[in-house]
Each structure stands twice: as structure tokens, then as C-alpha cells.
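First comes the structure, then the notes that go with it.
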Amino acid sequence: MLYKDEAVVLRTMRLGEADRIVTLVGRNNGKIRAVVKGVRRTKSRYGGRLEPFSYVSLVIWKGKSDLHTITQVEVLDPFRAVKEDLDRLSLGSVMLEACDRVAQESEASARVLDLLIQSLRRLSTDSSPMVLAAFLLQLCGIAGFAPSMDRCAECSKPASWFSPGQGGAVCPGCRTFNSEEVGTSVLELMSDLAVPLGTAPRLPGRPPTEEAMATAARLARYYTEYHLERRLKSASAAEAMARF
Ligand SMILES: [Zn+2]
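Going by this note's numbering, the residue at position 230 of the sequence shown is 1355; the numbering climbs one at a time, nothing skipped.
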């Protein structure tokens, strides 16, 4: 059966001498793993089109095996500016890895794909770690584990600490040992970043300090890694349980 989809390439891996396995996140098909035949031959039609970050339109042959075969590729946006700048490349690589963990096979990922494309576009002109922080916080929201940011995750009182394991912002009374005092300006900044661009009017106020931005970027990454890791562990534990 042939199917079409739009997707961003997350990673590629060599398969034998001439072929490559490409992992993508697709609008309608979620995570796609597919073989590209003859990609390493010098005159391959697909050679440069299926690199990480490339946003492509695809035709894929789905046989009986889990691995599908890509039969046509058209590049919609290569995101060259991200691939060719070291700072952008390293921020963008974290985005691809997070999508790889969140996207599931055969589960439509339109929201994840749209967020990724929009964030790669922003990254093409802005190499600030805030672009990555905003992406990660919004991805957590799509994946169903958005952090609490304006109120304590445990008791809803005003919060000034942050604790990934407790679900985000916490108050001094609820915080456990694994928490960090961050102050309200960092929490306000994170809560701004978690809202998709253009959907909420930004309140006029003082621009965030360098220090607040650095802390927000670090916490967004720490929080996302903590929850993605836990989710992976619980998925493998569920699989292990299912086997018995
Ligand atoms: Zn509390």
C-alpha cells in the first residue's frame, strides 16, 4: 500500500552498503521508520534530501514488515540555516531528539510537527536558547505533562521554587530536597514561553534579564528531560509487564 505524508527527518542510519534507514515525524503517521534504497550511491535521487532537519513531502510503500520504503521525496524546506550554524544546529538537535521521544508510530502528530516546523523557522533567524526553551515547554504541553508555572503544583499557593519531579513550580512549604529557588520572574518568563506565539497578548513589562533567561532555558530542558526519561521508563516497564 502506498501512502503520502509530510514529515521532518529526525535521524538517519546506514543500512548495509548502499541503503539508509530514516526516522521521521509525520503529520498523519506519527513516527515513521523507512528504508531509502541506494541513497549512498553517488547519483542517488534522494541523497541530500533526507538529512536531519529536512521538511519533506513523501510517498511511502508500506509492505508487510514494520520497515516502510520511501519511493518519492520532495523537499519543502531544507532548514539550511539551522544545519549550517553550530549554535543553531545544537539547539535544533535537542528539538529533534525530543520529537523522537514524544512521537509514536501510527499516531497522527500534526501538533508536534507544526510546533517543530514553526520552531525551526524561528531558529533560522534567532539562535537564542529561548527558542529551544519555548519549544520544549510547548512540547510538554502537547505530550500532556505541561509544568505548573504560576501556582504551586501541590497546593496552588503562590510559588517561587521549581521542582521537576513535583510537576514544576512549588511553594516553600511543599518543596522537596530536589528543588531550586528561582523567583517569580523566571516562573513568569517560563509561563510566557509555554504559550504558542501570537496566541496571548504579552503584558507590557520589563524585559527579562540575561540571568532569568539562562535559568528558564536550563529549567525547561531539565524538566523535559526528567519527564521524557520517566515516560520512556514507564513505557518499557509496561512492555515488560505485558510480557508476563
Ligand atoms: Zn504548595
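Backbone N, C-alpha and C define an ideal beta-carbon position, used for all residues, glycine too.
Worksheet item: Three or more beta-carbon pairs under 8 Å between the stretch 1278-1296 and the stretch 1246-1260, yes or no?
Response: no
Discussion item. For the stretch 1231-1239 against the stretch 1151-1163, do three or more pairs of beta-carbon atoms, one drawn from each stretch, fall closer than 8 Å, so that the two count as touching?
Written reply: yes
Worksheet item: Counting by C-beta, which residues lie closer than 6 Å to a heavy atom of ligand 1, in chain order?
Response: C1277, E1279, C1280, K1282, V1295, C1296, G1298 and C1299
Worksheet item: For D1130, which of C1280, E1279, T1194 and E1350 has the nearest alpha-carbon?
Response: T1194
Worksheet item: With which residues is Q1197 paired in a DSSP beta bridge?
Response: Per DSSP, V1184.
Worksheet entry | I1185 Cβ short of 7 Å to ligand 3 heavy atom set | The model depicted lacks ligand 3 and carries ligand 1 instead.
Worksheet item: Straight-line CA distance for G1141 to K1162?
Response: 10 Å
Discussion item. Which residue wins for smallest C-alpha separation from V1200, given the options M1220, W1186 and P1177?
Written reply: P1177
Worksheet item: Between which two residues does the alpha helix (DSSP H) containing K1208 stretch?
Response: Residues R1205 to K1208.
Item to complete: Would you check if the distance between the CB atom of V1147 and the CB atom of L1127 is smaller than 8 Å?
Response: Going by beta carbons, V1147 and L1127 fall outside the 8 Å limit.
Worksheet item: So, are the CB atoms of M1274 and M1315 less than 8 Å apart?
Response: yes
Discussion item. What does the alpha-carbon distance come out to for the pair P1297 and A1259?
Written reply: 26 Å
Practice prompt. For E1230, name the three-state secondary structure that DSSP assigns.
Written response: strand
Worksheet item: According to the Cβ coordinates, are M1220 and S1244 closer than 8 Å?
Response: Yes; because the gap between Cβ atoms is below 8 Å, this pair is in contact.
Item to complete: Could you work out which residue in E1350, L1241, G1188 and F1287 is closest to R1423 when comparing CA atoms only?
Response: Missing from the structure shown is residue 1423; the chain here goes from 1126 to 1369 and no further.
Worksheet item: From this set, C1277, P1333, E1306 and E1305, which residue's C-alpha is nearest L1318's C-alpha?
Response: P1333
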